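Participant: Let me give you the structure first, and then I'll get to my questions.
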Amino acid sequence: MKIKTPSDLEKLRDQGQCMLSPQKPRVSVGMATCGLAAGAGAVFDALRQAADNLRLDLTLVSAGCIGCCQEEPLVDVRMPGFGRVLYARMTPEGADRLIRSLASGELPHENALAYIPEEGSDTPKSAEVLSGLVPINALPFYAKQHKVILRNSGLIDPQSIEEYAARGGYKSLLLALLQLSPHEIIDEITRSGLRGRGGGGFPTGKKWEVCSRAAGTARFIICNADEGDPGAYMDRTVLESDPYAVIEGMTIGGYAIGASQGYVYVRNEYPLAIDRINHAIERSTECGLLGEDILGTDFTFSIQVIRGAGAFVCGEETALIASLEGGLGEPRPRPPYPAVSGLWGKPTLINNVKTWASVAAIIRKGPEWYAGIGTKGNAGTAVFSLVGKVANTGLVEIPLGLTLEEMIQGIGGGGLAGKRVKAVQTGGPSGGCIPADLFHLPIDYASLTQAGSIMGSGGMVVMDEDTCMVDVARYFLRFTMEESCGKCTPCREGARYMYAILTRIIEGEATPEDLVLLEEIAMWVKEASLCGLGQTAPNPVLSTLRYFRDEYDAHVREKRCPAGVCRALIKLTINAERCTGCGLCLRECPVGAIRGKKKAPHIIDPDLCTHCRTCYDICPEKAVEIVR
Amino acid sequence: MPLIAQPDHPPAGAVLARLHQIHSAKGYLPEADIRAAADDLAIPLSRLYSAAAFYSAFSFQPKGRYTIQVCLGTACYIRGGDRLLEKIETLLGVKAGETTPDGMFTVETVHCLGSCSMSPVIRVGEETYGRLKVNLVGRLFKKYRPGEPGQKGVEEQGT
Chain C
1 MKIKTPSDLE
11 KLRDQGQCML
21 SPQKPRVSVG
31 MATCGLAAGA
41 GAVFDALRQA
51 ADNLRLDLTL
61 VSAGCIGCCQ
71 EEPLVDVRMP
81 GFGRVLYARM
91 TPEGADRLIR
101 SLASGELPHE
111 NALAYIPEEG
121 SDTPKSAEVL
131 SGLVPINALP
141 FYAKQHKVIL
151 RNSGLIDPQS
161 IEEYAARGGY
171 KSLLLALLQL
181 SPHEIIDEIT
191 RSGLRGRGGG
201 GFPTGKKWEV
211 CSRAAGTARF
221 IICNADEGDP
231 GAYMDRTVLE
241 SDPYAVIEGM
251 TIGGYAIGAS
261 QGYVYVRNEY
271 PLAIDRINHA
281 IERSTECGLL
291 GEDILGTDFT
301 FSIQVIRGAG
311 AFVCGEETAL
321 IASLEGGLGE
331 PRPRPPYPAV
341 SGLWGKPTLI
351 NNVKTWASVA
361 AIIRKGPEWY
371 AGIGTKGNAG
381 TAVFSLVGKV
391 ANTGLVEIPL
401 GLTLEEMIQG
411 IGGGGLAGKR
421 VKAVQTGGPS
431 GGCIPADLFH
441 LPIDYASLTQ
451 AGSIMGSGGM
461 VVMDEDTCMV
471 DVARYFLRFT
481 MEESCGKCTP
491 CREGARYMYA
501 ILTRIIEGEA
511 TPEDLVLLEE
521 IAMWVKEASL
531 CGLGQTAPNP
541 VLSTLRYFRD
551 EYDAHVREKR
561 CPAGVCRALI
571 KLTINAERCT
581 GCGLCLRECP
591 VGAIRGKKKA
601 PHIIDPDLCT
611 HCRTCYDICP
621 EKAVEIVR
Chain E
1001 MPLIAQPDHP
1011 PAGAVLARLH
1021 QIHSAKGYLP
1031 EADIRAAADD
1041 LAIPLSRLYS
1051 AAAFYSAFSF
1061 QPKGRYTIQV
1071 CLGTACYIRG
1081 GDRLLEKIET
1091 LLGVKAGETT
1101 PDGMFTVETV
1111 HCLGSCSMSP
1121 VIRVGEETYG
1131 RLKVNLVGRL
1141 FKKYRPGEPG
1151 QKGVEEQGT
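One line per chain: the protein sequences are C and E, in this order.
If you count by the working numbering, then the first sequence holds residues 1 to 628, one letter each, in order.
If you count by the working numbering, then the second sequence holds residues 1001 to 1159, one letter each, in order.
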């Protein structure tokens, strides 16, 4: 069916509404990549199998990311008249029991994490069924979240355009095309205060304005989905969970600047995201929401997906464009900015996935609504992947201005197994490590930059007392060294030299002069590199030197690694009183350095031990000790 | 070169798409296919070759039946991804970048698979495995070796 009029869209929406609230159980499984990594595929199969066996009529949906990845695999069950419950850490066996309960007219509490309040479902029956469960927004993980970009994530079938429409999708495009002029759209984006969510934080409306005024007729739209920061998966999740939101945003952008062709450049490592966005483009085209004469107007817009090929630097906009053009993905100096001279030298509007996903929400609810979220100069929400050594890992969307403390201790629930959180790393290889005594800082562009890090695209990796900050700095330098495209010397050579010095420090062979040299090279690389990759590459080194100087000093002067990580500076022993002689470490030691009789304390041969800490990690009795 | 006039450049993304197409069909980029692709795209061979060599996703050597990608993203690294890699290298007797002599596995490291909440993570072929520990890896690989009794091949599993 081609959607040509508002009433056509209304019909699509009604169809979607029926799919979202059917008169039978609707069971949806979080099946974005992280869910799949936790075993959601097997849970989905078990649900299907059990329902088939019992001939239970239900709607089984493969949904996107529900957010609290820590609790994956997650299953969301809506039973008409009963209510809606989110189940956590599901197993195939648990799935089988769940279906049996549903078939006998029960909404069980086994594995239930919370219930999901729905409008009009507060019946006496549902009060009885749900009693004893907490509403999802009362969980500390969800309490302070505000979902704009992730508004549909996990709630709809990401393949279904009907369900997207039922959640208000395509209303904004309709409004934009039928009631707003391109100029008015740009004005609304400007007034919303939206800033680039890829991490740069450039005012989005201003970028659109510049691009729309640039000379020339042909223009292009690009969605930057080359999410390369390690420890970050927001863009992947948005594409996997709500691809139509990105398409609608890009289409509105195309209309606003007068482009008829858009590209989504997706990172090679994200096959599922590529499948889902491709499918959504196909469906949108079938429905007349992409292609020629969109919504019965004379506006034409198409989108093509381009698969990257494993080069981090292509996340930089000029390198991405060079890659699209078929050359090496190398950056070039700016200006001219792509908004003026981008793909094939034409004005090109390039924004991050999350920026595009915010657009439709802003047009529908109005710029004042968006500007009212967050703080002054930092309007709206941002998505973070809260990962590393934190109790609750997952994808979190917050209004800007929340403090790091609220994020890490509140939403994240603090450290792992009672360990002390030491720092948080934001912004990937371009960012820095912020120490725990600065966790009172609000999460916004200026505060994080002032603290020596950056907001970045949303990676937030928590580190605890067992993380060595020198090792972390070297980890990032290795990353930069491997990903530097090699075009400019400061980045190519500087990263190599910094890496070599950090290696000497970690191996206990550095002198105090090395620290001075390290800092000096870092400053040069920052000042003299061509693109953002090189200019920000020293940040992990500079921020750890600034806040964790004592750890550097311990490595350099005392030849000691306080966190017990750096192999050359530690030794491992087994505490004979704790060791039960279970033999696990003996079997798993990669170099055969552990000896001992069954059920008797084991010992580590110091001549063979490489200090890899495998035994330390796996010992069920915590009998392996690190001598620092 | 084709006789019909070509635009002065191939369409956006065409070079990458063609390289991906060859790579997924053949498992690597054979010389003959690169030459043919350069002709079709009407670009100099040197330009196509340099693009292919720039990206880490493309290999000029045949790969194993399954590529094992060990994630060394930040979250995986601080939760022991490097030790998983060592274990895998020991188990299979090859280093990262190499292929087992029986042609079954190629071991690679990647900078992030975007499944950070499940760290540490590895991907074998199309399947992603999270929350791994060194002592679980051995068992995991058994199901990919054909002919092992009681173990399913990956083809039967689907995703």
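For every residue, glycine included, the Cβ atom is placed at its ideal position computed from N, Cα and C.
Predicted, not measured: the structure shown is a model, and the values here were computed from it.
In angstroms, rounded to a whole number, what distance separates the CA positions of residue 505(C) and residue 264(C)?
Facilitator: To locate residue 505(C), count along the first sequence from 1; it is residue 505. To locate residue 264(C), count along the first sequence from 1; it is residue 264. Each residue's alpha carbon lies about 42 Å from the other.
Participant: Near residue 1095(E), which residues of its chain fall below 8 Å by C-beta distance, leaving aside the five closest residues on each side in sequence?
Facilitator: By 1-based counting over the second sequence, the position of residue 1095(E) is 95. Taken in chain order, the residues that qualify are 1089, 1107.
Participant: Let's see if you can read the secondary structure: which residues bound the alpha helix (DSSP H) around residue 414(C)?
Facilitator: In the first sequence, the residue the question calls residue 414(C) occupies position 414. In this chain, residue 414(C) is not harboured by any alpha helix (DSSP H), its DSSP state being neither H nor E.
Participant: Of all the CB atoms in chain C, is at least one closer than 7 Å to the CB of residue 1078(E)?
Facilitator: Position 78 of the second sequence, counting from 1, holds the residue named residue 1078(E). So, interface residue.
Participant: Could you compute how far the alpha carbon of residue 105(C) sits from the alpha carbon of residue 129(C)?
Facilitator: The residue labelled residue 105(C) in the question sits at position 105 within the first sequence. The residue labelled residue 129(C) in the question sits at position 129 within the first sequence. C-alpha separation (whole angstroms): 11 Å.
Participant: Check whether the Cβ atoms of residue 329(C) and residue 314(C) sit closer than 7 Å, and answer yes or no.
Facilitator: In the first sequence, the residue the question calls residue 329(C) occupies position 329. In the first sequence, the residue the question calls residue 314(C) occupies position 314. Going by C-beta atoms, residue 329(C) is nearer than 7 Å to residue 314(C).
Participant: By the three-class DSSP mapping on this structure, what secondary structure does residue 213(C) have?
Facilitator: Here residue 213(C) refers to the residue found at position 213 when the first sequence is read from its first residue. The answer is helix: DSSP assigns residue 213(C) an H, G or I state.
Participant: Name the two residues that bound the continuous beta strand (DSSP E) containing residue 270(C).
Facilitator: Here residue 270(C) corresponds to residue number 270 of the first sequence, with the count starting at 1. Segment: none, residue 270(C) is in no beta strand (DSSP E) and carries neither H nor E.
Participant: List the whole-angstrom C-beta distance separating residue 1080(E) from residue 1072(E), where the pair is believed to meet the contact cut-off of C-beta under 8 Å.
Facilitator: Within the second sequence, residue 1080(E) is the residue found at index 80, counting from 1. Within the second sequence, residue 1072(E) is the residue found at index 72, counting from 1. Between residue 1072(E) and residue 1080(E) the Cβ distance is about 11 Å, and since that is not below 8 Å, they are no contact.
Participant: For the structure I just gave you, are there three or more beta carbon pairs, one from the region 453-465 of chain C and one from the region 478-488 of chain C, closer than 8 Å?
Facilitator: The region 453-465 of chain C is not in contact with the region 478-488 of chain C.
Participant: Return the CA-CA distance between residue 467(C) and residue 1078(E), expressed in angstroms with no decimal places.
Facilitator: Here residue 467(C) refers to the residue found at position 467 when the first sequence is read from its first residue. Here residue 1078(E) refers to the residue found at position 78 when the second sequence is read from its first residue. If I take the Cα positions, the gap works out to 7 Å.
Participant: I believe residue 386(C) touches residue 412(C) by the beta-carbon criterion, under 8 Å. Please report the beta-carbon distance rounded to the nearest angstrom.
Facilitator: Here residue 386(C) is taken as the residue at index 386 of the first sequence, counted from 1. Here residue 412(C) is taken as the residue at index 412 of the first sequence, counted from 1. Between residue 412(C) and residue 386(C) the Cβ distance is about 5 Å, and since that is below 8 Å, they are a contact.
Participant: When DSSP labels each residue in this structure, what does residue 575(C) get in the three-state scheme?
Facilitator: Sequence index remark: in the first sequence, residue 575(C) carries index 575 (1-based). DSSP places residue 575(C) in coil when its eight states are reduced to three.
Participant: Are three or more beta carbon pairs between the region 346-364 of chain C and the region 207-218 of chain C nearer than 8 Å?
Facilitator: yes
Participant: Got a sec: which bits of the region 616-627 of chain C sit with their beta carbon under 9 Å from any beta carbon on chain E, in order along the chain?
Facilitator: 617, 618
Participant: Quick one, which residues of the region 218-233 of chain C are near chain E if we go by CB-CB under 9 Å, in chain order?
Facilitator: Along the region 218-233 of chain C, the positions whose C-beta sits under 9 Å from a C-beta of chain E are 220, 227, 228, 229, 230, 231, 232, 233, read in chain order.
Participant: May I ask whether a heavy atom of the ligand ADP can be found less than 6 Å away from the beta carbon of residue 382(C)?
Facilitator: For the structure depicted, the ligand ADP is absent and the ligand set is empty, with no information on it obtainable.
Participant: Quick one: does residue 387(C) have its CB under 7 Å from some CB of chain E?
Facilitator: Residue numbering aside, residue 387(C) sits at position 387 when the first sequence is read from its first letter. Yes, contact with chain E.
Participant: Report the neighbours of residue 1133(E) on chain C: residues whose CB is nearer than 8 Å to its CB, in chain order.
Facilitator: Position 133 of the second sequence, counting from 1, holds the residue named residue 1133(E). Annotation: Cβ neighbours of residue 1133(E) in chain C (cutoff 8 Å, chain order): 617, 618.
Participant: Apart from the five residues on each side of it in sequence, which residues of its chain come closer than 7 Å, Cβ to Cβ, to residue 1103(E)?
Facilitator: Taking the second sequence and counting its residues from 1, one reaches residue 1103(E) at position 103. Counting only Cβ-Cβ distances below 7 Å, and skipping sequence neighbours, we find 1064, 1065.
Participant: Would you call residue 1110(E) buried or exposed, if buried means 16 or more other Cβ atoms sit within 10 Å of its Cβ?
Facilitator: Here the question's residue 1110(E) lines up with position 110 in the second sequence. Classification of residue 1110(E): buried, given that the 10 Å Cβ count is 16 or more.
Participant: Within 7 Å (strictly less), CB to CB, does residue 1005(E) reach chain C?
Facilitator: Locating residue 1005(E) in the second sequence gives position 5, where the first residue counts as 1. Reliability of the predicted coordinates at residue 1005(E) is poor, the pLDDT of 49 falling under 50, and the value obtained from them is presented with this limitation in mind. It does not; no Cβ of chain C falls within 7 Å.
Participant: Residue 1114(E) and residue 233(C) - do their beta-carbons sit closer together than 7 Å?
Facilitator: In the first sequence, residue 233(C) corresponds to position 233, counting from 1. In the second sequence, residue 1114(E) corresponds to position 114, counting from 1. Their beta carbons are under 7 Å apart, which means residue 233(C) touches residue 1114(E) by this criterion.
Participant: Where does residue 671(C) fall in DSSP's three states?
Facilitator: In the structure as shown, chain C starts at 1 and stops at 628, and residue 671(C) therefore has no counterpart that could be examined.
Participant: Does chain E have any CB closer than 7 Å to the CB of residue 268(C)?
Facilitator: The sequence position of residue 268(C) within the first sequence is 268, counting from 1. It does; some Cβ of chain E falls within 7 Å.
Participant: Along chain C, in chain order, which residues have C-beta atoms closer than 7 Å to that of residue 1110(E)?
Facilitator: Counting from 1 along the second sequence, the entry for residue 1110(E) is found at position 110. Residues of chain C passing the Cβ test: 269.
Participant: Quick one: Cα of residue 1054(E) to Cα of residue 335(C), how far?
Facilitator: Taking the first residue of the second sequence as position 1, residue 1054(E) is located at position 54. Taking the first residue of the first sequence as position 1, residue 335(C) is located at position 335. Roughly 25 Å separates the two Cα atoms.
Participant: Check residue 1158(E) in the structure and name its three-state DSSP category.
Facilitator: For the purposes of this step, residue 1158(E) is identified with residue 158 of the second sequence, where counting begins at 1. Residue confidence is low: residue 1158(E) scores 31 on pLDDT, short of 50, so the model does not pin down where it sits. No coordinate-derived value is stated.
Participant: Looking at chain E, which residues of the region 39-50 of chain C have a Cβ within less than 8 Å of any of its Cβ atoms?
Facilitator: 41
Participant: CB residue 546(C) to CB residue 452(C), shorter than 7 Å?
Facilitator: Here residue 546(C) is taken as the residue at index 546 of the first sequence, counted from 1. Here residue 452(C) is taken as the residue at index 452 of the first sequence, counted from 1. Yes, Cβ-Cβ distance for residue 546(C) and residue 452(C) is below 7 Å.
Participant: Can you give me the Cβ contacts of residue 1033(E) inside the same chain, cut-off strictly under 8 Å, excluding the 5 residues immediately before and after it?
Facilitator: Indexing the second sequence from 1 puts residue 1033(E) at position 33. Setting aside the 5 residues that flank it on each side, residue 1033(E) is surrounded in the same chain by 1022, 1026, each with a C-beta closer than 8 Å to its C-beta; the list follows chain order.
Participant: What residues match up with residue 112(C) in a beta bridge as DSSP calls it?
Facilitator: Here residue 112(C) is taken as the residue at index 112 of the first sequence, counted from 1. For residue 112(C), which the question treats as bridged, DSSP gives the partners 87(C).
Participant: For residue 62(C), return the contacting residues in chain E, with the cut-off set at a CB-CB distance below 9 Å.
Facilitator: Position 62 of the first sequence holds residue 62(C). Residues of chain E passing the Cβ test: none, with the nearest at roughly 11 Å.
Participant: Under the three-state reduction of DSSP, which class applies to residue 1(C): helix, strand or coil?
Facilitator: As a position in the first sequence, residue 1(C) is number 1, starting the count at 1. Secondary structure of residue 1(C) (DSSP, three-state): coil.
Participant: Using a C-beta to C-beta distance shorter than 8 Å, which residues of chain E count as neighbours of residue 457(C)?
Facilitator: As a first step, residue 457(C) is located in the first sequence; it is residue number 457 there, counting from the start. Chain E residues near residue 457(C): none, gap ~12 Å exceeds 8 Å.
Participant: Please list the segments of the beta strand (DSSP E) lying wholly inside the region 362-422 of chain C, counting only runs of 3 or more residues, in order along the chain.
Facilitator: 381-388, 394-399
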